[in-house]
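Chemist: Below is the structure I would like to discuss, written out as C-alpha cells.
2 protein chains.
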Amino acid sequence: MTIDDVAAAAGVSRMTVSRVLRGGHLVRAPLQERVFAAVKKLNYRLNVSARALAGSGPSRVGLVYSNPSQAFLSELLTGALKESSKLGMQLTLTADAETHDRTAEIDALLRSGVQAFVLPSPACDAPDVLKLLREAQARWVAISPANLEIHRFSVSADHFDIAGRMTTRLIELGHRHIGFIAGSATSKGAAERLRGHLRAMAAAGIKKCPVEQGAFTFQSGLEATEKMLASFPECTAIIACNDDMAAAAISVAHRHHLDVPRDLTVVGFDDTPIASIVSPAITTARQPIAEMAQSAIRLLHTASNLTSEDDNKRTQKVLPCTLIERESSGPPRVAARLRA
Amino acid sequence: MTIDDVAAAAGVSRMTVSRVLRGGHLVRAPLQERVFAAVKKLNYRLNVSARALAGSGPSRVGLVYSNPSQAFLSELLTGALKESSKLGMQLTLTADAETHDRTAEIDALLRSGVQAFVLPSPACDAPDVLKLLREAQARWVAISPANLEIHRFSVSADHFDIAGRMTTRLIELGHRHIGFIAGSATSKGAAERLRGHLRAMAAAGIKKCPVEQGAFTFQSGLEATEKMLASFPECTAIIACNDDMAAAAISVAHRHHLDVPRDLTVVGFDDTPIASIVSPAITTARQPIAEMAQSAIRLLHTASNLTSEDDNKRTQKVLPCTLIERESSGPPRVAARLRA
DNA sequence: CTGAAAGCGCTTACAG
DNA sequence: CTGAAAGCGCTTACAG
C-alpha cells in the first residue's frame, strides 16, 4: 500500500498525491477531494520513514528534560510522541543532567545530526545550552521559558488567564475577602498568576487584595498562611500559587480549627499529586502539558518550511489551562466568622 | 555522513559496514575493529529512517497503555523511547480506552501496518486484545502479564525476590514478629510477594507468619492492620503488599499511639507518590519499569530475526527490583512493648 | 566470509 | 497548477 496505489485509485500522478498529503497547496480542490477519497477508501497510511528519508525537514528531534516531576514528564512525552509519530519525526530523549557538564548530552545529539530540539524550562533558560544550540545553528522550541524574548519559538501556558478565572470563580461563589499567597519572586508564571488575580479582583470592584509572599514550598505556605490569617482575619478564601502551598494552607486552617471549605476555601495551581491526596482534595488548575508538547513538535515541523525572510518573526503559542474544582472550595459561610 | 563514508574510512565495502552495524555476524574480527574505529572517528550515526525503509524488521511499534499512574507511564515511555530511538524504531502510542470498544485503537494501528506491540498489563491480560493480535499475526511483548504461559515474550519484575529481600532486611534489623498484609487474591504479583516473604521467614527459621488479607486499597489496609494488631499484638513490623496499605498501617499505628518506626516498622511496595508524601516516609521497593520497557523493545527487535523454528521457545525476562529504605523502618525497640 | 545491483516509499528539484 | 526523473541512506537478495 503505497502512494502509487492511491494515485492509481484517484486517477492522478504520484506527485499530486504527495502534494495533497503535504498540505494541499497548489492542487485544485476537486483533485484534492479525489485524493482524500482514495486515501480513505484504501486506508492508506504514509510511510514516515520514507518521508523522513526523502524530505528535507528535520526528521529527528531531541527532547531535553531535567528532573521534572513524573506527572509532567509523562504528559510531555505522550504529547510529543503522539505528534511526532504522526508527522514521522523520530524523538530522542536526553536528560540534561543538572550536575556536571549539562551541555554534554546535547552536544552529543548535535554531533549525531539532530538539528531540532524541544526545550522545556529550565533547559531553555540556561545560557550555556542556548549558546551551544545557536553555534550549531539548531532550531528549538522553548516550553514555558522564563524569558520569551530570547526565543524564536515558544509554547507556554496561560497563567494570567487561568488565575483570573480562578479568582472570578471564587467571586461567583460569593467570596469577597480573598487572600493570595504568591510564588517565588523570580518565577514568571507566579507573576502572571498574581497579575491575573489582581485583574479579576479589580474587574469585580474589590479593592482589598492582600498578598503574602511564598516560595512554592510547603513550609513557605505554612508561614504565609499564618500571616494571612493574622493580618486578614475576615478572609474566606485563600488562593495559593501552587498546590504545595495550598496543602500547607489547609493544614494551617485545620490547626486553627477551621473547616475547609466551610470556614475557608483554599485553592492551588498545577494539579500535582498532593492536590488529590490531601483531604479535602484541592481545587486547582492544570496546565495543558501534552498539548504544549504537541504544539512544540508541530512548530518544529512547520518551521522547516519557513523561508529566511520569516526569520525575524516570532511564534509564541499560549495555551489555556483547565480549572479543576474539587472539595476544598465552596461558598463562604453565611454567618459572619469569628476569629481571634 | 553516510555508511559509505565509514566504508571508505575503514577501507571496506558498504555491505561490510552494514553487517557489522547489524550485529557483526559473518564478518571477521579484524574487519569489525576497523569498522568500529571508523564509526567512532567519524562520529557516524546510522540513519534510522533509511534502515526502517530498507529493512524487513518491524520499524513501528505500538505501545498500548490503559490508565496507568503517571509515574509508571513516564518511566515506561522514557525506557521505551530510549531503546527505540537507539534501534531506529518508531514508537506509536495508543491509549486502550477501557470503556467502549477497547480494541478499536489497536485495530486502527494494525490496519496502518504496525505489526509489533508492547502490551503492559492489563492490556496483555485482555482476551479480546490478544485475539485481535493473533488474527493479525502481530508480535507482542507482555509486560507484567497475569498469565505468563499465554505469551511468547514477556517481561516482569521479580516480586518474589524483592519480597524476600524486604523480609530478610527486617530480620537483619532485629525483627522476629512480622505481620504481612496481602494484596488482592487475584493478583499474581501479590501472590509472588507473599511467597517471597514466607520463603525468607522460613529460611530464617521463623515459624509464626501471620497474614491478613488486604485488597490494595487504603481502606482495606486500615481494616487489615487493625486485625493484625489485635490478633498479633507482639508484632514489631508490618509488611504491606503495596504503599497505599502501608500508609494505612501507619495511620492505624498513629491512632494507637504507636511511633513509626520506633514502636512499629511499616514497609510497602511500588514506591508510589504516597510513599514519599506521608510522614514518616515509607520504606518500599521500586520496579525497574524503564528497564522493563527497554527490554520489551529489544525483544521485539531481535524477534524479527528469529526463524520459524524458534517459534515454540518462550522468552521470559524477569528483572530485579530495588529496595528503598526510608524513615518508616528501623530496629525494633529493645524494651518489650506493651499493648492492650 | 565479502561485494555489485536493485529497491524500500517517499520528496526534491526541474520541466511544462 | 501538474508530471517524469533522480535520489534520500540504508538493506535485501543474489553472486562469488
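Chains A and B supply the protein sequences, listed in that same order. According to the UniProt record's numbering, the residues represented by the first sequence are 1 to 340, in order. According to the UniProt record's numbering, the residues represented by the second sequence are 1 to 340, in order. We treat Cβ as the ideally placed atom computed from N, Cα and C, and that holds for glycine. Just so you know, these numbers come straight off a predicted model, no measurement behind them.
Any chance the segment 283-296 of chain B sits against the segment 323-330 of chain B, with 3 or more Cβ pairs inside 8 angstroms?
Modeler: These segments touch.
Chemist: In three-state terms, what does DSSP make of LYS317 of chain A?
Modeler: Locating residue 317 of chain A in the first sequence gives position 317, where the first residue counts as 1. Strand.
Chemist: Could you name each continuous alpha helix (DSSP H) segment of 4 residues or more that falls completely within the segment 200-269 of chain B, going from the start of the chain to the end?
Modeler: DSSP runs (the alpha helix (DSSP H)) wholly in the segment 200-269 of chain B: 218-231, 243-255.
Chemist: Any beta-carbon of chain B closer than 8 angstroms to the one on ALA290 of chain A?
Modeler: Along the first sequence, one-based indexing puts residue 290 of chain A at 290. Chain B contact via Cβ: absent.
Chemist: Tell me which same chain residues have a C-beta within less than 6 angstroms of the C-beta of GLY189 of chain B, skipping the five on either side of it?
Modeler: Indexing the second sequence from 1 puts residue 189 of chain B at position 189. Within the same chain, GLY189 of chain B has close Cβ partners HIS159.
Chemist: Here's the rule I'm using: 16 or more other beta-carbon atoms within 10 Å means buried, otherwise exposed. How should PRO233 of chain B be labelled?
Modeler: Residue numbering aside, residue 233 of chain B sits at position 233 when the second sequence is read from its first letter. Label assigned to PRO233 of chain B: exposed.
Chemist: Which residues of chain B have a Cβ atom closer than 7 angstroms to the Cβ of VAL48 of chain A, listed in chain order?
Modeler: Counting from one through the first sequence, the residue named residue 48 of chain A turns up at place 48. Near VAL48 of chain A (Cβ distances below 7 angstroms), the residues of chain B are GLN90.
Chemist: So which of A:PRO331, A:GLY11, A:ASP4 has the shortest CA-CA distance to ARG172 of chain A?
Modeler: The count along the first sequence starts at 1 and reaches residue 172 of chain A at position 172. Sequence check: residue 172 of chain A is Glu here, not Arg. Minimum Cα distance to GLU172 of chain A is reached at A:PRO331.
Chemist: Taking 8 angstroms as the threshold (beta carbon to beta carbon), is THR78 of chain B in contact with chain A?
Modeler: Locating residue 78 of chain B in the second sequence gives position 78, where the first residue counts as 1. Judged by the 8 angstroms Cβ criterion, THR78 of chain B is in contact with chain A.
Chemist: Please confirm whether ASP243 of chain A and GLY214 of chain A have their CB atoms less than 8 angstroms apart.
Modeler: For the purposes of this step, residue 243 of chain A is taken as residue 243 along the first sequence, with counting starting at 1. For the purposes of this step, residue 214 of chain A is taken as residue 214 along the first sequence, with counting starting at 1. Taking 8 angstroms as the Cβ cut-off, ASP243 of chain A and GLY214 of chain A do not qualify as a contacting pair.
Chemist: Between ALA37 of chain B and VAL129 of chain A, what straight-line distance do the alpha-carbon atoms span, to the nearest angstrom?
Modeler: The residue given as residue 37 of chain B occupies position 37 in the second sequence. The residue given as residue 129 of chain A occupies position 129 in the first sequence. For ALA37 of chain B and VAL129 of chain A, the distance between alpha carbons rounds to 30 angstroms.
Chemist: Please give me, in chain order, every unbroken run of the alpha helix (DSSP H) with length at least 4 that falls completely inside the segment 125-195 of chain A.
Modeler: 127-135, 159-173, all fully within the segment 125-195 of chain A.
Chemist: Using the Cα positions of ARG51 of chain A and ALA163 of chain A, report the straight-line distance between them to the nearest angstrom.
Modeler: Translated into the one-based positions of the first sequence, residue 51 of chain A becomes position 51. Translated into the one-based positions of the first sequence, residue 163 of chain A becomes position 163. Distance between the alpha carbons of ARG51 of chain A and ALA163 of chain A is about 43 angstroms.
Chemist: Quick one: is GLY23 of chain B buried, meaning 16 or more other Cβ sit within 10 Å of its Cβ, or exposed?
Modeler: Within the second sequence, residue 23 of chain B is the residue found at index 23, counting from 1. The residue in question, GLY23 of chain B, is exposed, as its Cβ has fewer than 16 Cβ neighbours within 10 Å.
Chemist: Contact criterion: CB-CB distance below 8 angstroms. Does ILE274 of chain B meet it with respect to chain A?
Modeler: Position 274 of the second sequence, counted from the first residue, corresponds to residue 274 of chain B. It does; some Cβ of chain A falls within 8 angstroms.
Chemist: State the beta-bridge partners of PHE117 of chain A as determined by DSSP.
Modeler: Your numbering for residue 117 of chain A matches position 117 in the first sequence. Answer by DSSP bridge pairing, in chain order: A:GLY62, A:TRP140.
Chemist: Report buried or exposed for ALA157 of chain A, applying the criterion of at least 16 other Cβ atoms within 10 angstroms of its Cβ.
Modeler: The residue labelled residue 157 of chain A in the question sits at position 157 within the first sequence. Buried, because 16 or more other Cβ atoms sit within 10 Å of the Cβ of ALA157 of chain A.
Chemist: Looking at the C-beta of residue 356 of chain B, does it have a partner C-beta in chain A at a distance below 8 angstroms?
Modeler: In this structure chain B extends from 1 to 340, so residue 356 of chain B is not present and cannot be described.
Chemist: Between B:HIS254, B:SER279, B:PRO122, B:SER295, which has its C-alpha nearest THR186 of chain B's C-alpha?
Modeler: The residue you call residue 186 of chain B lines up with position 186 of the second sequence. Selected option, being the one with the closest Cα: B:PRO122.
Chemist: Short of 8 angstroms Cβ to Cβ, which residues in the segment 242-255 of chain A face chain B?
Modeler: Correct list: empty, as no residue qualifies.
Chemist: Compare the C-alpha of ASP5 of chain B against each of B:VAL35, B:PRO30, B:LEU26, B:ARG19 and name the closest.
Modeler: On the second sequence, position 5 is the one that residue 5 of chain B refers to. ASP5 of chain B has its Cα closest to that of B:VAL35, out of B:VAL35, B:PRO30, B:LEU26, B:ARG19.
Chemist: Would a check of beta-carbon distances place ASN43 of chain B closer than 8 angstroms to chain A?
Modeler: Residue numbering aside, residue 43 of chain B sits at position 43 when the second sequence is read from its first letter. Yes - at least one Cβ of chain A is within 8 angstroms of the one on ASN43 of chain B.
Chemist: For VAL6 of chain B, would you say it is in contact with chain A, using Cβ-to-Cβ distances shorter than 8 angstroms as the test?
Modeler: Residue 6 of chain B sits at position 6 when you count from the first residue of the second sequence. With 8 angstroms as the cut-off, VAL6 of chain B does not count as an interface residue toward chain A.
Chemist: For the segment 110-131 of chain B, list every residue whose C-beta sits within 7 angstroms of some C-beta in chain A, in sequence order.
Modeler: Within the segment 110-131 of chain B, the residues whose Cβ lies closer than 7 angstroms to some Cβ of chain A are ARG111, SER112, GLY113, listed in chain order.
Chemist: How would you call ASN47 of chain B, buried or exposed, if buried means at least 16 neighbouring beta carbons within 10 angstroms?
Modeler: In the second sequence, the residue the question calls residue 47 of chain B occupies position 47. The residue is buried, with at least 16 neighbouring Cβ atoms inside 10 Å.
Chemist: Tell me, please, which residues DSSP counts as bridged to THR284 of chain A.
Modeler: As a working note, residue 284 of chain A is residue 284 in the first sequence. For THR284 of chain A, which the question treats as bridged, DSSP gives the partners A:ILE324.
Chemist: Taking contact to mean at least 3 C-beta pairs separated by less than 8 angstroms, is the segment 57-77 of chain A in contact with the segment 101-118 of chain A?
Modeler: The answer is yes - the segment 101-118 of chain A touches the segment 57-77 of chain A, with three or more Cβ pairs under 8 angstroms.
Chemist: Three-state secondary structure (DSSP) at THR92 of chain A?
Modeler: Locating residue 92 of chain A in the first sequence gives position 92, counting from the first residue. Correct three-state label for THR92 of chain A: strand.
Chemist: Locate the alpha helix (DSSP H) running through PRO30 of chain A, then write down its first and last residues.
Modeler: Along the first sequence, one-based indexing puts residue 30 of chain A at 30. 29-42 is the extent of the alpha helix (DSSP H) around PRO30 of chain A.
Chemist: Taking CB distances under 8 angstroms as the criterion, tell me whether LYS82 of chain A reaches chain B.
Modeler: As a first step, residue 82 of chain A must be located in the first sequence, where it is residue number 82. At least one chain B Cβ lies under 8 angstroms of LYS82 of chain A.
Chemist: Flag this pair as yes or no: are the beta carbons of SER154 of chain A and PRO120 of chain A separated by less than 8 angstroms?
Modeler: For the purposes of this step, residue 154 of chain A is identified with residue 154 of the first sequence, where counting begins at 1. For the purposes of this step, residue 120 of chain A is identified with residue 120 of the first sequence, where counting begins at 1. It is not a contact, given that the beta carbons lie outside the stated cut-off.
Chemist: Closest to MET166 of chain B by C-alpha separation, out of B:SER184, B:ALA142, B:ARG152, B:ALA204, would be which residue?
Modeler: Taking the second sequence and counting its residues from 1, one reaches residue 166 of chain B at position 166. Looking at the Cα atoms, B:ALA204 is the closest of the given residues.
Chemist: Does DSSP put MET1 of chain B in a helix, a strand or coil?
Modeler: Translated into the one-based positions of the second sequence, residue 1 of chain B becomes position 1. MET1 of chain B: coil per DSSP, three-state reduction.
Chemist: How is ASN47 of chain A classed by DSSP in three states: helix, strand or coil?
Modeler: Here residue 47 of chain A refers to the residue found at position 47 when the first sequence is read from its first residue. Residue state, collapsed to three classes: coil.
Chemist: Comparing the C-beta of GLN287 of chain B with each C-beta of chain A, is any distance below 8 angstroms?
Modeler: As a first step, residue 287 of chain B is located in the second sequence; it is residue number 287 there, counting from the start. No, no contact with chain A.
Chemist: Helix, strand or coil: which one does DSSP assign to SER329 of chain B?
Modeler: Residue 329 of chain B sits at position 329 when you count from the first residue of the second sequence. Coil.
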